[in-house]
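Chemist: To start, I am sharing the structure in question, which I have written as structure tokens.
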Amino acid sequence: MDTQIANLIASELERQRNGFELIASENFTSKQVLDAMGSCLTNKYAEGYPGKRYYGGCEVVDVIEQLAIDRVCALFGAEYANVQPHSGAQANAAVFLGLLNPGDAILGFELAHGGHLSHGSPVNFSGKVYDAHFYGVEEDSGIIDMDKVAEIAQKVRPKLIICGASAYSRDWDYIRFRQIADEVGAILLGDISHPAGLIAADLLNDPLPHCHIVTSTTHKTLRGPRGGIILMGKDFINPWGRTTKKGDPIMMSTILNSAVFPGMQGGPLEHVIAAKAVAFYEAAQDEYKKYASQVIKNAKSMATALVQKGYNIISGGTDNHLMLIDLRSKYPDVSGKEAENALVKAHITVNKNMVPFDSRTPLTTSGIRVGTAALTSRGLVEDDFEMIVDWIDYVIQNRNDETSIQVMQERVQQFMKNFPLY
Ligand SMILES: *Cc1c(COP(=O)(O)O)cnc(C)c1O
Numbered sequence: 002m003d004t005q006i007a008n009l010i011a012s013e014l015e016r017q018r019n020g021f022e023l024i025a026s027e028n029f030t031s032k033q034v035l036d037a038m039g040s041c042l043t044n045k046y047a048e049g050y051p052g053k054r055y056y057g058g059c060e061v062v063d064v065i066e067q068l069a070i071d072r073v074c075a076l077f078g079a080e081y082a083n084v085q086p087h088s089g090a091q092a093n094a095a096v097f098l099g100l101l102n103p104g105d106a107i108l109g110f111e112l113a114h115g116g117h118l119s120h121g122s123p124v125n126f127s128g129k130v131y132d133a134h135f136y137g138v139e140e141d142s143g144i145i146d147m148d149k150v151a152e153i154a155q156k157v158r159p160k161l162i163i164c165g166a167s168a169y170s171r172d173w174d175y176i177r178f179r180q181i182a183d184e185v186g187a188i189l190l191g192d193i194s195h196p197a198g199l200i201a202a203d204l205l206n207d208p209l210p211h212c213h214i215v216t217s218t219t220h221k222t223l224r225g226p227r228g229g230i231i232l233m234g235k236d237f238i239n240p241w242g243r244t245t246k247k248g249d250p251i252m253m254s255t256i257l258n259s260a261v262f263p264g265m266q267g268g269p270l271e272h273v274i275a276a277k278a279v280a281f282y283e284a285a286q287d288e289y290k291k292y293a294s295q296v297i298k299n300a301k302s303m304a305t306a307l308v309q310k311g312y313n314i315i316s317g318g319t320d321n322h323l324m325l326i327d328l329r330s331k332y333p334d335v336s337g338k339e340a341e342n343a344l345v346k347a348h349i350t351v352n353k354n355m356v357p358f359d360s361r362t363p364l365t366t367s368g369i370r371v372g373t374a375a376l377t378s379r380g381l382v383e384d385d386f387e388m389i390v391d392w393i394d395y396v397i398q399n400r401n402d403e404t405s406i407q408v409m410q411e412r413v414q415q416f417m418k419n420f421p422l423y
């Protein structure tokens with residue numbers, strides 16, 4: 002019996018129970034989601050799609066995968082879904098593979114301003130294989146200027162425009178992005194990995210009617226298992242005149258399905274797909290809608306408290322579950338790395354993050370990113386987040402005093418005992 006890993010899992014559970022989890026991309030799934038992931042479905046090979054598999058014995062997983070597809074389509078008002086991508090990055094990679102040729106121009110949100118690696122970063126395959134260009138935020142406002150996006154798109158003439166980010170606290174103007182994409186003949190991809198759950202709960206602008214294709218993770222605000230999905234509001238004929246051998250036009254759904262399997266991946270993770278189906282079911286309940294709206298209330302409460310304390314939040318506030326704190330206004334000498342280290346010692350988990358026009362390197366950074374999705378799942382409300390801001394500020398102030406940090410760590414642990422996990 003492997004007691005080593007069992008003990009480590011127990012330690013991780015303790016860590017999760019005891020701390021303030023403020024990493025914006027994390028959440029706590031339900032017990033039912035965990036159970037589905039830890040089920041016998043992991044034993045099953047099911048290359049292909051429901052009803053068209055390369056393996057026998059798929060009659061049960063066919064029903065599971067179809068249920069996941071139907072539920073996610075209903076949740077987002079989509080006509081098409083692929084629930085097989087192993088992660089958000091894989092979902093994006095499959096879309097790129099299906100739509101682009103090596104060397105094609107793509108236009109995404111600048112990584113240093115809050116974009117994602119998989120949108121054309123030079124260290125990622127998307128930046129190595131494709132000709133990546135970027136738009137960003139304005140230095141004074143911290144907000145994307147859509148006229149500038151249009152200007153860059155006219156110059157670059159990308160085949161694919163990507164909207165969506167990992168650290169942008171404002172909502173997206175999908176309508177304008179689609180106009181720009183249409184003007185330059187580009188496909189518009191909306192990557193809603195972060196705010197997916199808030200979109201499912203109708204609390205943010207809906208990308209489905211405007212983006213040709215939408216990708217997402219399932220484990221951030223959506224609170225499902227670690228994984229990815231691809232959606233389309235409406236399936237459409239591929240715009241490049243690709244046809245079958247018989248000369249019939251090929252639908253985009255066919256191109257995307259082939260890009261995921263066999264293009265990008267082998268066998269799907271049916272245990273994770275079952276857990277996705279559970280999460281989609283949960284996200285359709287009224288209780289989840291209440292949760293999602295509390296996530297936003299908590300983020301606004303946190304943003305207000307931070308600004309009152311003299312912290313600069315990029316763009317001045319938040320529309321969603323996260324915010325990017327530029328430490329330079331309040332503590333010019335404290336890097337994101339130093340703040341992260343002190344906070345983590347106090348069991349307040351955040352991640353250092355570049356801020357737009359950062360004067361430090363990606364390994365030190367001038368900012369930290371925080372989000373409210375995970376602690377809202379534990380049951381915390383607005384007042385609690387005001388208190389958390391006090392505690393964060395205390396730790397950063399006393400970052401070099403081990404005793405103060407230790408005292409704070411015990412307070413955090415004591416406080417979280419009121420909000421049991423599993
Ligand atoms: C998190 C994220 C991803 C990648 O998700 P992984 O599951 O970690 O691969 C992709 N795009 C955006 C915008 C993200 O925030």
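The sequence shown: position 332 = 333 (this note's numbering), numbered continuously.
Ideal placement from N, C-alpha and C gives every residue a C-beta, glycine not left out.
None of the values given here were measured: they were computed from a predicted structure.
Expressed to the nearest angstrom, what Euclidean distance is found between the alpha-carbon atoms of E80 and A375?
Modeler: Taking the first residue of the sequence shown as 1, we reach residue 80 at position 79. Taking the first residue of the sequence shown as 1, we reach residue 375 at position 374. Each residue's alpha carbon lies about 30 Å from the other.
Chemist: Among the candidates S12, I315, M2 and N19, whose CA atom is the shortest distance from the CA of M409?
Modeler: Walking along the sequence shown from the start, residue 409 turns up at place 408. With distances taken between Cα atoms, M409 lies closest to N19.
Chemist: Which whole runs of the alpha helix (DSSP H) in the stretch 159 to 212 are 4 residues long or more, in chain order?
Modeler: Segments of the alpha helix (DSSP H) lying fully in the stretch 159 to 212: 175 to 185 and 197 to 201.
Chemist: Can you give me the C-alpha to C-alpha distance between F135 and N354, rounded to a whole angstrom?
Modeler: Numbered from its first residue, the sequence shown carries residue 135 at position 134. Numbered from its first residue, the sequence shown carries residue 354 at position 353. In a straight line, the C-alpha of F135 is about 18 Å away from that of N354.
Chemist: Per DSSP, what kind of secondary structure is H134 in: helix, strand or coil?
Modeler: Taking the sequence shown and counting its residues from 1, the one referred to as residue 134 is at position 133. If DSSP states are grouped into helix, strand and coil, H134 belongs with the strands.
Chemist: Which residue wins for smallest C-alpha separation from N342, given the options D146, V130, G143 and I397?
Modeler: The residue you call residue 342 lines up with position 341 of the sequence shown. That would be I397, whose Cα lies nearest to the Cα of N342.
Chemist: DSSP three-state label for P250, please.
Modeler: Position 249 of the sequence shown, counting from 1, holds the residue named residue 250. If DSSP states are grouped into helix, strand and coil, P250 belongs with the strands.
Chemist: Exposed or buried, which one is V425 when buried takes at least 16 other CB atoms within 10 Å?
Modeler: The structure shown does not extend to residue 425, since the chain is modelled only from 2 to 423, so the question has no answer here.
Chemist: With respect to the beta strand (DSSP E) encompassing M233, which residues constitute its N-terminal and C-terminal limits?
Modeler: For the purposes of this step, residue 233 is taken as the residue at position 232 of the sequence shown. G229 to M233 is the span of the beta strand (DSSP E), which, as asked, contains M233.
Chemist: Mapping the DSSP letters down to three states, classify S217 as helix, strand or coil.
Modeler: Counting from one through the sequence shown, the residue named residue 217 turns up at place 216. Here S217 sits in strand by DSSP.
Chemist: Skipping 5 residues on each side, what residues in its chain have a beta carbon closer than 6 Å to that of A182?
Modeler: Here residue 182 is taken as the residue at index 181 of the sequence shown, counted from 1. Result list for A182: I162 and L189, in chain order.
Chemist: Within 7 Å: the Cβ of N93 and any heavy atom of ligand 1?
Modeler: For the purposes of this step, residue 93 is taken as the residue at position 92 of the sequence shown. At least one heavy atom of ligand 1 is nearer than 7 Å to the Cβ of N93, so yes.
Chemist: What would DSSP say about I24, mapped onto helix, strand or coil?
Modeler: In the sequence shown, the residue the question calls residue 24 occupies position 23. Reduced to three states, the DSSP call for I24 is coil.
Chemist: At a threshold of 7 Å, does H195 count as lining ligand 1 (C-beta to nearest heavy atom)?
Modeler: The residue given as residue 195 occupies position 194 in the sequence shown. It does: the Cβ of H195 is within 7 Å (strictly closer) of some heavy atom of ligand 1.
Chemist: Would a C-beta distance cut-off of 8 Å place V1 and L199 closer than the cut-off?
Modeler: Shown here, the chain extends from 2 to 423; a query on residue 1 therefore has no answer.
Chemist: Cβ of N258 less than 8 Å from any chain C Cβ?
Modeler: The structure shown contains no chain C; it is built from a single protein chain.
Chemist: Are three or more beta carbon pairs between the stretch 77 to 93 and the stretch 130 to 146 nearer than 8 Å?
Modeler: They do not touch, by the three-pair rule.
Chemist: Is L364 helix, strand or coil by DSSP?
Modeler: For the purposes of this step, residue 364 is taken as residue 363 along the sequence shown, with counting starting at 1. Residue state, collapsed to three classes: coil.
Chemist: Would DSSP call D327 helix, strand or coil?
Modeler: For this step, residue 327 is matched to residue 326 along the sequence shown. In the structure shown, D327 sits in a strand (DSSP, three-state: E or B).
Chemist: Roughly how many angstroms lie between the CA atoms of L257 and T216, to the nearest whole one?
Modeler: Walking along the sequence shown from the start, residue 257 turns up at place 256. Walking along the sequence shown from the start, residue 216 turns up at place 215. Distance between the alpha carbons of L257 and T216 is about 11 Å.
Chemist: According to DSSP, is R370 helix, strand or coil?
Modeler: On the sequence shown, residue 370 is found 369 positions in, with the first residue counted as 1. DSSP places R370 in strand when its eight states are reduced to three.
Chemist: Using the Cα positions of G143 and L364, report the straight-line distance between them to the nearest angstrom.
Modeler: Residue mapping note: residue 143 aligns to position 142 of the sequence shown, counting from 1. Residue mapping note: residue 364 aligns to position 363 of the sequence shown, counting from 1. Computed Cα separation, rounded: 21 Å.
Chemist: Exposed or buried, what is R16 when buried is set at 16 or more other beta-carbons lying within 10 Å of its beta-carbon?
Modeler: Start at 1 with the first residue of the sequence shown, and residue 16 comes out as number 15. So R16 ends up on the exposed side.
Chemist: Is G89 near ligand 1, with its Cβ less than 7 Å from a heavy atom?
Modeler: Mapped onto the sequence shown, residue 89 falls at position 88. Yes - ligand 1 has a heavy atom lying nearer than 7 Å to the Cβ of G89.
Chemist: Output the distance between the C-alpha atoms of E27 and V261, rounded to the nearest integer angstrom.
Modeler: One-based indexing of the sequence shown puts residue 27 at position 26. One-based indexing of the sequence shown puts residue 261 at position 260. Answer to the nearest angstrom: the Cα atoms are 25 Å apart.
Chemist: Below 8 Å, can you find three or more Cβ-Cβ pairs linking the stretch 304 to 311 to the stretch 87 to 100?
Modeler: Contact between the stretch 304 to 311 and the stretch 87 to 100 is absent, because fewer than three Cβ pairs lie under 8 Å.
Chemist: In the DSSP assignment, the alpha helix (DSSP H) including I65 goes from what residue to what residue?
Modeler: For this step, residue 65 is matched to residue 64 along the sequence shown. Per DSSP, I65 belongs to the alpha helix (DSSP H) from E60 to F77.
Chemist: Taking 7 Å as the cut-off, does the CB of T218 come closer than this to any heavy atom belonging to ligand 1?
Modeler: Here residue 218 is taken as the residue at index 217 of the sequence shown, counted from 1. Within the cutoff, so yes.
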